[in-house]
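Engineer:
Numbering (the numbering used here), first residue to last: 18 to 394.
This is how it looks when you write it as structure tokens:
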């Protein structure tokens, strides 16, 4: 017997449990005793322990038997309590994660209770499980990186945009004349008013003092700053901005014909979700909606105003502090004016010789500047 020969070689006594049997074909030369024993045990699916000068050999338990033994051992261990106060993570979300890993972190006998008042976890489980969960919760309870989103919503002319360095379609270290592919991004906005047209465009600018430049243009009446919100949000948390108005309309209810007033939003809305990358860049998921008053629709005895809605979603990666520019919503104003010589310009038939009519076409673009900046936690 191989095991007996190995035991005799080291002058050990051998005790083999039931189930230790079978044949092995071996040919070993110049192999250390421990290595030879390990090979025999592994090939025979055996395990060995030493008790003084006695070598005890047992068959390896199968996986199911091993699990049963572990479960039986766990059932014998007493349960202990542990309270963990969370500084950054939400206790409810952490509790859901722990409960979903029952059998891995939380044992079948374990329980977790959320204390919303103190944002704490009340854990009850075996000591080894509590130790493992405490380490896991500490890894999860880390502050999320913060991103400040500085936005400017303005109306501006194409000439002033070029002065600011905006070149539509130039993105992400591209070099001209390669344009941005926006097959699924550039859309036409059908509205009843032909003086307004929309087709969203995207560009970026960097290395500029945008606040000062816009303020200077505003003082020269070259730009109108509608809003300049600043938002603070966390990694993969959505921030939203809306600018516009709500339009009231009447709604009939029931057979009595009673009416109530409800509101529809006619706003430019934007949702931004930042994702901070390991290299320090920021991926922005942008969702932009433009709701504009449309035509009047007859509704019963009255009229209701339709809302023309268009929505797009895109994603772009920028450097820290780089500015993304969103544009493409144009407003055109036609201004009619007349200059005349006082008195003479009002003479019938001859008055046209003493007055001059003029028409001005002003075309301005609604543009959104977004600058994400990392905030060190």
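C-beta: ideal position from N, C-alpha, C; glycine also.
#1: Hey, residue 166 and residue 99: beta-carbon distance below 8 angstroms or not?
#2: Under the rule that 16 or more other beta-carbon atoms within 10 Å means buried, what is residue 308, buried or exposed?
#3: At 4 residues or longer, and completely inside the stretch 85 to 128: list those alpha helix (DSSP H) runs for me, N to C.
#4: Taking the C-alpha atoms as reference points, what is the distance between residue 262 and residue 123?
#5: My output table needs one value for residue 409: the three-state DSSP class, helix, strand or coil.
#6: By Cβ distance, which residues of its chain are closer than 8 angstroms to residue 39, with the 5 residues on each side in sequence left out?
#7: DSSP three-state label for residue 18, please.
#8: Quick one, which of 109, 175, 140 and 334 has its alpha-carbon nearest residue 295's?
#9: Can you name the residues that DSSP bridges to residue 228?
#10: Output the distance between the C-alpha atoms of residue 20 and residue 54, rounded to the nearest integer angstrom.
#11: Per DSSP, what kind of secondary structure is residue 221 in: helix, strand or coil?
#12: Give the secondary structure of residue 282 by DSSP, where H, G and I count as helix, E and B as strand, and everything else as coil.
#13: To which residues of the same chain is residue 332 closer than 8 angstroms at the C-beta, ignoring the five residues directly before and after it?
#14: Going by DSSP in three states, residue 296 sits in which element: helix, strand or coil?
#15: By a C-beta neighbour count over all protein chains shown, 10 Å radius and 16 as the cutoff for buried, is residue 67 buried or exposed?
#16: DSSP three-state call for residue 149: helix, strand or coil?
#17: Find the nearest neighbour of residue 328 within the set 306, 30 and 278, judged by alpha-carbon distance.
#18: How many angstroms separate the CA atom of residue 230 from the CA atom of residue 146?
#19: Can you tell me whether DSSP reads residue 248 as helix, strand or coil?
#20: Hey, would you say residue 172 sits closer than 8 angstroms to residue 383, going by beta carbons?
#21: Only counting the same chain, and skipping five residues up and downstream in sequence, which positions put a Cβ closer than 8 angstroms to that of residue 278?
#22: Could you give the DSSP three-state label for residue 156: helix, strand or coil?
#23: I'd like the ranges of any beta strand (DSSP E) spanning at least 3 consecutive residues and lying wholly in the stretch 314 to 339.
#24: Return the CA-CA distance between residue 325 and residue 288, expressed in angstroms with no decimal places.
#25: Using DSSP bridges, identify the partner residues of residue 304.
#26: Taking a contact to mean a Cβ-Cβ separation below 8 angstroms, would you say residue 164 touches residue 255 in this structure?
#27: Does the distance from the C-beta atom of residue 31 to that of residue 72 stay below 8 angstroms?
#28: Would you mind working out which of 235, 125 and 155 sits nearest residue 143, comparing C-alpha positions?
#29: Straight-line CA distance for residue 129 to residue 151?
#30: Just verifying my parser: in three-state terms, what is the DSSP assignment at residue 260?
#31: Look up residue 176 in the DSSP assignment and say whether it is helix, strand or coil.
#32: Rounded to the nearest angstrom, what separates residue 258 and residue 330 at their Cα positions?
#33: Is the distance from the Cβ of residue 159 to the Cβ of residue 238 below 8 angstroms?
#34: Please report how far the alpha carbon of residue 33 lies from the alpha carbon of residue 74, in whole angstroms.
#35: Taking residue 134 as the reference, which of 157, 175 and 107 has the closest Cα?
#36: Based on the DSSP secondary-structure assignment, which residues constitute the bridge partners of residue 140?
Structural biologist: From the atom records:
#1: No; because the gap between Cβ atoms is not below 8 angstroms, this pair is not in contact.
#2: By the Cβ neighbour-count rule, residue 308 is buried, with 16 or more other Cβ atoms within 10 Å of its own.
#3: With a minimum length of 4 residues, the continuous alpha helix (DSSP H) runs that stay inside the stretch 85 to 128 are 108 to 117.
#4: Those two C-alpha atoms are separated by around 51 angstroms.
#5: There is no way to answer for residue 409, as the model of the chain reaches only from 18 to 394.
#6: Take residue 39, set aside five residues on each side of it, and the residues of its chain with a beta-carbon closer than 8 angstroms to its own are 61, in chain order.
#7: Residue state, collapsed to three classes: coil.
#8: Of the candidates 109, 175, 140 and 334, the one whose C-alpha sits nearest the C-alpha of residue 295 is 334.
#9: Residue 228 pairs with nothing; no bridge assigned.
#10: Spanning the two alpha carbons is a distance of roughly 8 angstroms.
#11: Three-state result, residue 221: strand.
#12: It is a strand residue.
#13: Closer than 8 angstroms at Cβ, skipping near neighbours: 300, 301, 302 and 303.
#14: Correct three-state label for residue 296: coil.
#15: Result: exposed.
#16: In the three-state reduction of the DSSP assignment, residue 149 falls in the helix class.
#17: In terms of Cα proximity to residue 328, the closest of 306, 30 and 278 is 306.
#18: Their backbone Cα atoms lie some 59 angstroms apart in a straight line.
#19: Looking at residue 248 - three-state DSSP - the assignment turns out to be strand.
#20: Yes, these two residues count as a Cβ contact at 8 angstroms.
#21: Same-chain partners within the cutoff: 265, 266, 267 and 268.
#22: Helix.
#23: With a minimum length of 3 residues, the continuous beta strand (DSSP E) runs that stay inside the stretch 314 to 339 are 319 to 335.
#24: Here the alpha carbon of residue 325 sits roughly 19 angstroms from the alpha carbon of residue 288.
#25: Residue 304 is bridged by DSSP to 288 and 330.
#26: In this structure, residue 164 keeps its C-beta atom at 8 angstroms or more from the C-beta atom of residue 255.
#27: Residue 72 sits close to residue 31, with the two beta carbons spaced by under 8 angstroms.
#28: The option with the nearest alpha carbon to residue 143 is 125.
#29: Taking the straight line joining both Cα atoms gives about 12 angstroms.
#30: Per DSSP, reduced to three states, the secondary structure at residue 260 is strand.
#31: DSSP places residue 176 in helix when its eight states are reduced to three.
#32: Taking the straight line joining both Cα atoms gives about 15 angstroms.
#33: Inclusion of residue 159 and residue 238 in the CB contact set at 8 angstroms is not warranted, their separation being larger than that value.
#34: Cα-Cα distance, rounded: 5 angstroms.
#35: Of the candidates 157, 175 and 107, the one whose C-alpha sits nearest the C-alpha of residue 134 is 107.
#36: According to DSSP, which records beta bridges pairwise, residue 140 is partnered with 99 and 129.
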